[in-house]
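K.L.:
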Amino acid sequence: MKPLAPTLTAALAGARLQQHERGVHAAVGASAAAGLLLVVGLGETHHQLEAWSWLTALAMALGLRLLIAATLRRRRNLGQPVAAPAWILGFRLAFLAHGLVWGAALPTLADGPESVFYIWLAVVLMVAGSYIVSPFDLVAPSLFGAPAVIGLALTAAAGQADIGLNLALVGMLFLATVQLASLRTHRMMTEHALLQHNEGLRLAELQRSEARLQEAQHLAQVGSFDWDPVSGALDWSDEHFRLWGLAPGSCTPDYALFRSAIHPGDLEDIELQLATALAGQSRYDCVHRLRAHDGIERVIHGRAEVSFDDQGRALRMLGTVHDVTERRQAAEALERSLDNLTLTLNATGDAIFASDATDAGQSLLFVNERMLQMWGIPPEEARELTPATVMRHAGAQFRDPPREIRRIQEIITSSEPAEDRVELKDGRVLLRRCHPMHRAGRWVRVWGFRDITVEAQALRQLELARDEAERANLAKSEFLNQMSHELRTPLNAILGFSQLLQYDPDLPETLQEDVQEILKAGHHLLGLINEILDLARIESGRVKVQLESVDLQEVLADCLGLIAPQAQARGLRVESAGLPELQLCADPKRLKQVLLNLLSNAVKYNREQGRIRLTAHQHPVGRLRLSISDDGPGIPADRLDELFQPFNRLGAESSEVEGTGIGLTITRQLTELMHGSVGVISPEGEGATFWIELPLAQRPHPQEEPRAAEPQQAHLELLPEMR
Numbered sequence: 003m004k005p006l007a008p009t010l011t012a013a014l015a016g017a018r019l020q021q022h023e024r025g026v027h028a029a030v031g032a033s034a035a036a037g038l039l040l041v042v043g044l045g046e047t048h049h050q051l052e053a054w055s056w057l058t059a060l061a062m063a064l065g066l067r068l069l070i071a072a073t074l075r076r077r078r079n080l081g082q083p084v085a086a087p088a089w090i091l092g093f094r095l096a097f098l099a100h101g102l103v104w105g106a107a108l109p110t111l112a113d114g115p116e117s118v119f120y121i122w123l124a125v126v127l128m129v130a131g132s133y134i135v136s137p138f139d140l141v142a143p144s145l146f147g148a149p150a151v152i153g154l155a156l157t158a159a160a161g162q163a164d165i166g167l168n169l170a171l172v173g174m175l176f177l178a179t180v181q182l183a184s185l186r187t188h189r190m191m192t193e194h195a196l197l198q199h200n201e202g203l204r205l206a207e208l209q210r211s212e213a214r215l216q217e218a219q220h221l222a223q224v225g226s227f228d229w230d231p232v233s234g235a236l237d238w239s240d241e242h243f244r245l246w247g248l249a250p251g252s253c254t255p256d257y258a259l260f261r262s263a264i265h266p267g268d269l270e271d272i273e274l275q276l277a278t279a280l281a282g283q284s285r286y287d288c289v290h291r292l293r294a295h296d297g298i299e300r301v302i303h304g305r306a307e308v309s310f311d312d313q314g315r316a317l318r319m320l321g322t323v324h325d326v327t328e329r330r331q332a333a334e335a336l337e338r339s340l341d342n343l344t345l346t347l348n349a350t351g352d353a354i355f356a357s358d359a360t361d362a363g364q365s366l367l368f369v370n371e372r373m374l375q376m377w378g379i380p381p382e383e384a385r386e387l388t389p390a391t392v393m394r395h396a397g398a399q400f401r402d403p404p405r406e407i408r409r410i411q412e413i414i415t416s417s418e419p420a421e422d423r424v425e426l427k428d429g430r431v432l433l434r435r436c437h438p439m440h441r442a443g444r445w446v447r448v449w450g451f452r453d454i455t456v457e458a459q460a461l462r463q464l465e466l467a468r469d470e471a472e473r474a475n476l477a478k479s480e481f482l483n484q485m486s487h488e489l490r491t492p493l494n495a496i497l498g499f500s501q502l503l504q505y506d507p508d509l510p511e512t513l514q515e516d517v518q519e520i521l522k523a524g525h526h527l528l529g530l531i532n533e534i535l536d537l538a539r540i541e542s543g544r545v546k547v548q549l550e551s552v553d554l555q556e557v558l559a560d561c562l563g564l565i566a567p568q569a570q571a572r573g574l575r576v577e578s579a580g581l582p583e584l585q586l587c588a589d590p591k592r593l594k595q596v597l598l599n600l601l602s603n604a605v606k607y608n609r610e611q612g613r614i615r616l617t618a619h620q621h622p623v624g625r626l627r628l629s630i631s632d633d634g635p636g637i638p639a640d641r642l643d644e645l646f647q648p649f650n651r652l653g654a655e656s657s658e659v660e661g662t663g664i665g666l667t668i669t670r671q672l673t674e675l676m677h678g679s680v681g682v683i684s685p686e687g688e689g690a691t692f693w694i695e696l697p698l699a700q701r702p703h704p705q706e707e708p709r710a711a712e713p714q715q716a717h718l719e720l721l722p723e724m725r
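Counting from 3, one number per residue, gives the positions in the sequence shown under our numbering.
1) Specify, as a first and last residue, the run of the alpha helix (DSSP H) that His395 falls within.
2) Opposite Gly225 in the DSSP bridges: which residues?
3) Since I believe Val623 is in contact with Pro735 (beta carbons under 8 angstroms), could you give me their beta-carbon distance rounded to a whole number of angstroms?
4) Which residue comes first and which comes last in the beta strand (DSSP E) that contains Tyr607?
5) Would you decide whether Ser239 is buried or exposed? Buried here means 16 or more other CB atoms lie within 10 Å of its CB.
6) Buried or exposed: which applies to Leu57, given that a residue is buried once 16 or more other Cβ atoms fall within 10 Å of its Cβ?
7) Quick check: the region 127-139 against the region 27-37, are there 3 or more CB pairs under 8 angstroms?
8) Report the residue from Arg77, Ile694, Gly65, Leu74 whose alpha carbon sits nearest the alpha carbon of Val103.
9) Express the C-alpha separation of Gly81 and Pro137 in angstroms, rounding to a whole number.
10) Going by alpha carbons, who is nearest to Val369 out of Val392, Ala362, Thr360, Arg615?
11) Around the C-beta of Asp422, are 16 or more other C-beta atoms found within 10 angstroms, so that it is buried, or is it exposed?
12) For the beta strand (DSSP E) that Pro403 lies in, which residues bound it at each end?
13) Name the two residues that bound the continuous beta strand (DSSP E) containing Glu421.
14) If we ignore side chains and look at the alpha-carbon of each, how far apart do Ile272 and Val84 end up?
15) Go through its chain and collect everything with a Cβ distance to Ala316's Cβ below 7 angstroms, but skip five positions before and after it.
16) Using the C-alpha atoms, what's the distance from Ala384 back to Gly267?
17) To test your reading of the DSSP string, which unbroken beta strand (DSSP E) runs of 3 or more residues are found completely within the region 487-540?
18) Use the C-beta contact count for Glu550: other C-beta atoms within 10 angstroms, 16 or more gives buried, fewer gives exposed.
19) Taking only the alpha-carbon atoms, compute the straight-line gap between Arg444 and Pro438 and give it to the nearest angstrom.
20) Report the rounded CA-to-CA distance for Thr322 versus Gln21, giving the unit in angstroms.
21) When you compare only the Cα positions, how much space is there between Ala333 and Val326?
22) Using only CA atoms, which one of Ala566, Phe119, Leu672, Trp377 lies nearest to Gly543?
23) Am I right that Leu626 and Leu562 are in contact with their C-beta atoms under 8 angstroms? What's the rounded C-beta distance?
24) Taking the straight line between their C-alpha atoms, what separation do you get for Leu459 and Ile379?
25) Which two residues bound the contiguous beta strand (DSSP E) that contains Asp1?
26) Spell out a yes or no on whether the region 632-639 and the region 681-694 are touching, meaning 3 or more CB-CB pairs, one atom from each, closer than 8 angstroms.
27) DSSP state of His27, grouped into three classes?
28) Leaving out five residues on either side along the sequence, give the residues of the same chain with a beta carbon under 7 angstroms from the beta carbon of His265.
29) Inspect the CB distances between the region 239-255 and the region 340-359 and report whether three or more fall short of 8 angstroms.
30) Which residue comes first and which comes last in the beta strand (DSSP E) that contains Pro438?
31) Just to confirm before moving on: does the CB-CB distance between Arg609 and Glu577 stay below 8 angstroms?
32) Thr691 and Val680 - do their beta-carbons sit closer together than 8 angstroms?
33) Report buried or exposed for Asp506, applying the criterion of at least 16 other Cβ atoms within 10 angstroms of its Cβ.
34) Output the distance between the C-alpha atoms of Gln275 and Tyr257, rounded to the nearest integer angstrom.
35) Under a three-way DSSP split, which group does Pro266 fall into?
36) Let me know the beta strand (DSSP E) ranges lying completely inside the region 229-265, each 3 residues or longer, listed in chain order.
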């Protein structure tokens, strides 16, 4: 036998459970009455104790059946889930317990042939009644009737087999008849349950389909109608009611109700289209305005098919109404946007057109007026303009047509944006751009041309001016280099003779002071010449740096030793702190020159008895910042930008502090040549802090790497003469 589907099995189980619920009270009442009558009717033919004990057992079995039914009903009332197979099993077990009690009636209550007859009759009637009460679950009455056979066997074994067998034969024939009737009833009830289940499934599916249709119509804002032009009967879907501004089912629709919401300006056209459709001359397909009963104006697209009889008379019109208000608004907004875009593109100075990238023979998708003007295309050709037509007009104006054609072929075979220049015969220069785009399932190329003749000329003049400035700067550097060499020769002679005079013991003391002034001025002039030479070499690109690993502490110690006499002469205290054992990537000679420039400035521009502080902070990106701070007057904030300009001392030239004004310029350029940077922080009146940042030669071990928020510092040992 083919197994039933799970849904059918569940439906049958539910029907069986309902049968047990419905029949429990009748079965319990009948069993209780039969048991009580049996005990009372037998009277003194049996022992009272056994009789009442049996009756108590019967009451307990009946109470079990009532308890199961009451518990099941309570769960249903509370809305709790009910597993039908489990509850059916409970009812069957209760049937078994009930049957065991009735099976015990024979050995317990039998006291002679007469009592056996009555007891057996009661048992047979109870078993037959169980089959009648539970024909949809034959297992339960079978569990009830089985103990009766056991009771019969016990009676026969007790010496009353002749009576028990006769009664058994009669009872079994009766029960067989009842079972056959129950089987027929079981089959009929099963078929009825299956029929109800299938009808329920079809009804549920129909309801779901109807609900899905209603939901789909609501989401799509599509209503449907069915009109009988002969009788005038009209049926609307729920969404049709909503589109007309009415609650679904709030009234009976008719043609007058349909007509009442049509915009007066569209009513005549609607009625004309309906008349032609009903006459079979055309389909009903119309877009019209609607003034719905809820006060909202909508745009409706109505479509319908008309059915005709053999004589051509209209019998039925079946159609839909679709709310296309948003689509109409979007179309109008798109049209306005296109108009605005066209006006904007026509107002721009750029020539623009768009073409299909896969079909060169197709007309242009868009072209603005500037495009026609730029290439001299007559307006009458604009409507059917193709890329080939544009190429014909443009090619006649190219200065180098073969080159431009090759370039265009390269552009259209590439999927990347392109930008280049086009030179025309009349001297104009155009900036050409091409952007490929994938839109609506196809590739489109947007071309743009901008006349940059003026800009190109200005750029050319700028390039010429730049070249001239570079030549002038190079000439200046060559001049400075030449002049510096020319000046050093006589200056070295002056310094040499001055030194000879300085060590002449016969030279008068007054002349000794003059010689010192000559030496002082000569050394100052020599330093200025050397700095000018350095600046000229850097600007002309003749200075090359040799980057290598440089020990920070070693370079600092050398520099501090060189400036120690100047610092001691002014009573300055030098404090240094930095990261230990760090190697910088720098040119040793140029790094020392940079540090000496900054340290010399810190000495010269400091106050008497002031401090010079050196600190070093390592950054996580593998760079080191070395800072040199002084206690001088500081630098005005509005003049910090002028600090690194050559020959600009910010007014210090009028002071007693010597300087050339190009030391910081050289410092910046040398630092940048070493892939570093230099800067200054100077709160006015609180001194200045100059810093340089340079890359580290190698990163330290991770365990030694300091955190960014708490840079490690270590004091450097000062030279003895600087303490």
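By construction, the Cβ of each residue, glycine as well, lies at the ideal position given by its N, Cα and C atoms.
What you are looking at is a predicted structure, and each value in this text was computed from that prediction instead of being measured.
P.N.:
Straight from the coordinates:
1) Here the alpha helix (DSSP H) through His395 covers 389-397.
2) Val323
3) Missing from the structure shown is residue 735; the chain here goes from 3 to 725 and no further.
4) Counting along the chain, Tyr607 falls outside any beta strand (DSSP E), and DSSP gives it neither H nor E.
5) buried
6) buried
7) yes
8) Gly65
9) 28 angstroms
10) Closest option to Val369, judged by alpha-carbon separation, among Val392, Ala362, Thr360, Arg615: Val392.
11) exposed
12) First-last for Pro403: 403-414, but that is the alpha helix (DSSP H), not the beta strand (DSSP E).
13) 420-425
14) 59 angstroms
15) For Ala316, where only same-chain residues beyond five positions count, the Cβ hits under 7 angstroms are Pro231, Leu280, Val308, Phe310.
16) 38 angstroms
17) none
18) exposed
19) 10 angstroms
20) 49 angstroms
21) 10 angstroms
22) Leu672
23) That belief does not hold up - the Cβ atoms of Leu626 and Leu562 are roughly 17 angstroms apart, past 8 angstroms.
24) The sequence shown places Gln at residue 459, not Leu. The C-alpha of Gln459 lies about 27 angstroms from the C-alpha of Ile379.
25) Only positions 3 to 725 of the chain appear in the structure, and residue 1 is not among them; the question remains open.
26) yes
27) helix
28) His290, Arg291, Leu292, Arg293
29) Taking a cut-off of 8 angstroms for Cβ pairs, the region 239-255 and the region 340-359 do not touch, as fewer than three such pairs fall below it.
30) 431-441
31) Here Arg609 is not near Glu577, since their CB atoms are 8 angstroms or more apart.
32) no
33) exposed
34) 15 angstroms
35) helix
36) 236-238
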